[in-house]
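A short write-up of the structure that comes next.
Protein chains: 2
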Amino acid sequence: MKIMGSEPTAFWVALNLAYRSVHRDMEEALKQAGLPSLRWYDVLWELERAPDGMRPFELENDLLFEQSNLSRTLRRIVGEGLVEEFTYAADRRGKVLRITAKGRRLRKQMWAVYGPQIENKFGPLADTEDADKLIAILKSLIS
Amino acid sequence: MKIMGSEPTAFWVALNLAYRSVHRDMEEALKQAGLPSLRWYDVLWELERAPDGMRPFELENDLLFEQSNLSRTLRRIVGEGLVEEFTYAADRRGKVLRITAKGRRLRKQMWAVYGPQIENKFGPLADTEDADKLIAILKSLIS
DNA sequence: TTCATATAGATGTATTTTCATCTAATCTAT
DNA sequence: ATAGATTAGATGAAAATACATCTATATGAA
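If you're matching them up, the sequences are chains A and B in order. Using my numbering, the letters of the first sequence correspond one by one to residues 50 to 192. Using my numbering, the letters of the second sequence correspond one by one to residues 50 to 192.
Take a look at the structure:
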């Protein structure tokens, strides 16, 4: 019989705190620089890599967004002119999103802050061969 | 010069998605069972292990709570009779929190759902011979 | 075709979280 | 002792997120 303080719990607790700590610091750095949140970055970067645009529901899956949350986030992002919406001919319920030039510029500006943050936090670990193993494990947890 | 798709970024992306995916599922399971959120669990468990009670600011540090958020979360938790507040004689700005019998019962109920979730997700990994090393890496990210 | 079901996305409402600021108590240096 | 700075915690207002539901289109089986 497993007891509470066992290994799996320790792993989850560490994962939890690590994520939150890093996330908090990164949001802080972006805010400090007068830039939007990480969620916005994720959307912009995802769209920047999709030359033909993406559907909202694809973003939802890739980024683990709550549907209603994404819908409103997109409204704001589109409102800022960072992304454009087009009706999707093949399915008239849907739409297609494409990043704008302005969106690309902002994404790049954000990367200037975000990138170094990642480098600071994770650069030192990246050498460890254990890091690869950990990445694999982390990926396996995603459903 | 580092490019964007490099190792550290892969690590962070995996950490990010893993956390969110697991967290979402766990919250879902708790909600399904009509139980409060993980944040409440964290507070209750932390207090359960503190025989002499804890100060809010200690919880704030241990659980990476935003101060104002914790303040309100505590109001709700105390409102439900799960935790009691006492004035802290040695520093009259502060207070001491102690879990109640009701709080302990609820914490246990929650564990009946939460524990198995952890076991499901992380149990399989625990065999990894260097789980400890991976945990250490995660912990090293916490500031 | 037609009815039932499923999917894409929006939106009203409630809840949670953040941000900024406030009060009261404590601490520190003079 | 006292002025200034710091800390514990609360709170109004704003923003983000979640939940439930709704509309419109699409799909699939009879």
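For every residue, glycine included, the Cβ atom is placed at its ideal position computed from N, Cα and C.
Could you run through the stretch 61-92 of chain B and flag, in chain order, every residue whose CB is less than 8 Å away from some CB of chain A?
-> 61, 63, 64, 65, 66, 67, 68, 69, 70, 71, 72, 73 and 74
Do you know how far the Cα of residue 151/B is from the Cα of residue 82/A?
-> 45 Å
8 Å Cβ cutoff, residue 106/A in contact with chain B = no
Nearest neighbour of residue 56/B, chosen from 168/A, 159/A and 187/A [CA to CA] = 168/A
Taking the DSSP output, what are the residues bridged to residue 134/B?
-> 146/B
Would you say residue 117/A faces chain B, with C-beta separation under 8 Å as the test?
-> no
Say whether chain A places a C-beta atom closer than 8 Å to the C-beta of residue 144/B.
-> no
If you count every other CB in all the chains shown that lies within 10 Å of the CB of residue 54/A, and 16 or more means buried, which is it?
-> A caution first: residue 54/A carries a pLDDT of 47, below 50, which makes its placement in the model too unreliable to give a value.
Using 8 Å as the limit for Cβ to Cβ distance, is residue 148/B near chain A?
-> no
Measuring only between beta-carbons, confirm whether residue 157/A sits less than 8 Å from chain B.
-> no
Chain B partners of residue 58/A, CB-CB under 7 Å?
-> 167
May I ask you to verify whether the stretch 140-147 of chain A touches the stretch 155-165 of chain A, counting CB pairs closer than 8 Å and requiring at least 3?
-> no
Drop a sphere of 10 angstroms on the beta-carbon of residue 170/B, count the other beta-carbons inside from all chains shown, and report buried for 16 or more, exposed for fewer.
-> buried
Cβ atoms of residue 78/A and residue 60/B: under 8 Å apart, would you say?
-> no
Counting along the chain, where does the alpha helix (DSSP H) carrying residue 190/B start and finish?
-> No alpha helix (DSSP H) contains residue 190/B, which DSSP labels as neither H nor E.
Pick out whichever of 189/A, 185/A, 90/A and 62/A has its Cα sitting closest to the Cα of residue 126/A.
-> 90/A
Leaving out five residues before and five after residue 116/B in sequence, what residues of the same chain have Cβ atoms less than 7 Å from its Cβ?
-> 109
Return the CA-CA distance between residue 29/B and residue 166/B, expressed in angstroms with no decimal places.
-> Limits of chain B in this structure are 50 at one end and 192 at the other, which puts residue 29/B out of reach.
Are any of the Cβ atoms in chain A nearer than 8 Å to that of residue 180/B?
-> yes
Distance, residue 132/B Cα to residue 92/A Cα | 40 Å
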